[in-house]
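Here the structure comes first, spelled out in structure tokens, and everything after it is commentary.
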Amino acid sequence: WIRKEMLRREKDFTKMTTLSIWAGTWNVNGKKPSVDIREWLLPAGSSLKRAADVFLIGLQEVQPLSGMSAVTTDPARGTVWKEGIERALDSPNTYVTIAARQLVGILLVVLVKRTHEPFVRDLMITDAGTGFLGSGGNKGGVACRFALYDKTIACVSCHFAAHEHNTERRNQDFHDVVRKAIFRREPGAKSDPSPFSYLEYDRTSREAAGNVAHPMSILDHDAVFWTGDLNYRIQLPVDHALEFIQRRKWE
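Residue numbers for the sequence shown follow our numbering, beginning at 67 and rising by one.
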């Protein structure tokens, strides 16, 4: 009876809000920003006022993956991309960066419109390396989770094994990221970032971010946005592949 009555009176104590989310991925091939990335982030002819409420941006190879750069993180290479994204989205005036983390060449940056920032809570970031010796950060993923209003969102930036013959390795990379990228924090505890990760958003002003007590998987959320260079290969002309997608022919 109580549940039925609450559903009947739902409109009396709830407010529905429609939000738009932009999710994108870009393998930048070890290069620094050299073009106006607003053309990528904003539809042609649109303005920041009409842009998405939330941006989930995944980049890969923000640093060259050769020599020591393939196993160690150079935070300066991620910072230059993070700052370029923030300039393009007029942060911190119009948008606020709520999360940013780099794992070797993998970068995840999450921004919300400033009007929504007070309603972000339970923010956590984690990562999982699946590359060198099964744990190196040259391959793997960075994940973030947060609650926005009363919905929970998880997002991932990943980079999986290359080369056409490595399909099974890519499949395993996916399962390993899901298995290893667990969000854990005891109530009131500060985050415990991986020693191989940098650029984590400073949440000292968001004391309520420690409300989540139990470990959670990427998949334990209302919505999951998975971006990345998955490296799967489709041996078809582009126009044929797009036609099959439109027809939902997956076999």
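For glycine and all other residues, C-beta sits at the position ideal for the given N, C-alpha and C.
Checklist entry - Three-state secondary structure (DSSP) at A247? => result Here residue 247 refers to the residue found at position 181 of the sequence shown. Three-state DSSP puts A247 in coil, outside helix and strand.
Checklist entry - Which of helix, strand or coil does DSSP assign to K319? => result Residue 319 lies beyond the range of the chain shown here (67 to 317); nothing can be said about it.
Next on the checklist: So, for V175: in the same chain, excluding its five sequence neighbours on each side, which residues have a beta-carbon less than 6 Å away from its beta-carbon?
Outcome noted: If you number the sequence shown from 1, residue 175 lands on position 109. Once the five neighbours on either side are set aside, the close Cβ partners of V175 are I123, K148, I151 and A166.
Next on the checklist: So for K70, helix, strand or coil by DSSP?
Outcome noted: Sequence index remark: in the sequence shown, residue 70 carries index 4 (1-based). Looking at K70 - three-state DSSP - the assignment turns out to be helix.
Checklist entry - When you compare only the Cα positions, how much space is there between G206 and I172? => result Indexing the sequence shown from 1 puts residue 206 at position 140. Indexing the sequence shown from 1 puts residue 172 at position 106. Distance between the alpha carbons of G206 and I172 is about 8 Å.
Checklist entry - Quick one: any contact between the stretch 128–144 and the stretch 106–119, if contact means 3 or more CB pairs under 8 Å? => result no
Checklist entry - Exposed or buried, L177, counting other C-beta atoms within 10 Å across all chains shown (16 or more means buried)? => result To locate residue 177, count along the sequence shown from 1; it is residue 111. Buried, because 16 or more other Cβ atoms sit within 10 Å of the Cβ of L177.
Checklist entry - Ends of the beta strand (DSSP E) at K115? => result Within the sequence shown, numbered from 1, the residue matching residue 115 stands at position 49. Taken as a continuous stretch (DSSP letters only), K115 belongs to no beta strand (DSSP E), as it is neither H nor E.
Checklist entry - If we count the other Cβ atoms within 10 Å of its Cβ and call it buried at 16 or more, is E234 buried or exposed? => result The count along the sequence shown starts at 1 and reaches residue 234 at position 168. Classification for E234: exposed.
Item to check | Helix, strand or coil at I316 according to DSSP, with G and I counted as helix | outcome: As a position in the sequence shown, residue 316 is number 250, starting the count at 1. Checking the sequence, you will find Trp at residue 316 rather than Ile. Looking at W316 - three-state DSSP - the assignment turns out to be coil, as it is neither helix nor strand.
Checklist entry - Looking only at DSSP bridge pairs, what is G124 linked to? => result Residue mapping note: residue 124 aligns to position 58 of the sequence shown, counting from 1. DSSP, once it has assigned bridges, lists T91 and L174 as partnering G124.
Checklist entry - From the DSSP output, which residues share a beta bridge with Y161? => result Here residue 161 corresponds to residue number 95 of the sequence shown, with the count starting at 1. In the DSSP output, where bridge partners are listed per residue, Y161 has K179.
Checklist entry - By a C-beta neighbour count over all protein chains shown, 10 Å radius and 16 as the cutoff for buried, is H241 buried or exposed? => result The residue you call residue 241 lines up with position 175 of the sequence shown. Exposed: under 16 other Cβ atoms inside 10 Å.
Checklist entry - With 16 as the cutoff for other CB atoms within 10 Å, does M82 come out buried or exposed? => result Position 16 of the sequence shown, counting from 1, holds the residue named residue 82. When all chains shown are included, M82 counts as exposed.
Checklist entry - Does the distance from the CB of D305 to the CB of T91 come in under 8 Å? => result As a position in the sequence shown, residue 305 is number 239, starting the count at 1. As a position in the sequence shown, residue 91 is number 25, starting the count at 1. The answer is no: Cβ separation not under 8 Å.
Checklist entry - By how many angstroms is the C-alpha of L285 removed from the C-alpha of Q301? => result Position 235 of the sequence shown, counting from 1, holds the residue named residue 301. Position 219 of the sequence shown, counting from 1, holds the residue named residue 285. Between Q301 and L285, the C-alpha separation is close to 30 Å.
Next on the checklist: Going by the DSSP bridge assignment, what does T293 pair with across the sheet?
Outcome noted: Looking up residue 293 in the sequence shown gives position 227. Paired residue(s): S223.
Checklist entry - Among L189, T160, V243 and L169, which residue has its Cα nearest to the Cα of K179? => result To locate residue 179, count along the sequence shown from 1; it is residue 113. The shortest C-alpha separation from K179 is found at T160.
Checklist entry - Do V146 and K98 have their C-beta atoms closer together than 8 Å? => result Numbered from its first residue, the sequence shown carries residue 146 at position 80. Numbered from its first residue, the sequence shown carries residue 98 at position 32. Yes; because the gap between Cβ atoms is below 8 Å, this pair is in contact.
Item to check | A136 - partner residues in DSSP beta bridges | outcome: In the sequence shown, residue 136 corresponds to position 70, counting from 1. A136 is not bridged to any residue.
Checklist entry - What residues in its chain sit with their C-beta under 7 Å from that of D78, if we drop five residues either side in the sequence? => result As a position in the sequence shown, residue 78 is number 12, starting the count at 1. Result list for D78: empty, nothing under 7 Å.
Checklist entry - By a C-beta neighbour count over all protein chains shown, 10 Å radius and 16 as the cutoff for buried, is H229 buried or exposed? => result By 1-based counting over the sequence shown, the position of residue 229 is 163. By the neighbour-count rule (16 or more Cβ atoms within 10 Å), H229 is not buried but exposed.
Next on the checklist: Once the 5 residues before and after A213 are set aside, which same chain residues still bring their CB inside 6 Å of it?
Outcome noted: On the sequence shown, position 147 is the one that residue 213 refers to. For A213, where only same-chain residues beyond five positions count, the Cβ hits under 6 Å are R187 and D188.
Checklist entry - Given a threshold of 16 other Cβ atoms within 10 Å of its Cβ, counted over all protein chains shown, does K70 qualify as buried or as exposed? => result Numbered from 1 along the sequence shown, position 4 holds the residue referred to as residue 70. Flag for K70 reads exposed.
Next on the checklist: Suppose you measure from the CA of A209 to the CA of F249; what does that come to, to the nearest Å?
Outcome noted: Numbered from 1 along the sequence shown, position 143 holds the residue referred to as residue 209. Numbered from 1 along the sequence shown, position 183 holds the residue referred to as residue 249. Between A209 and F249, the C-alpha separation is close to 9 Å.
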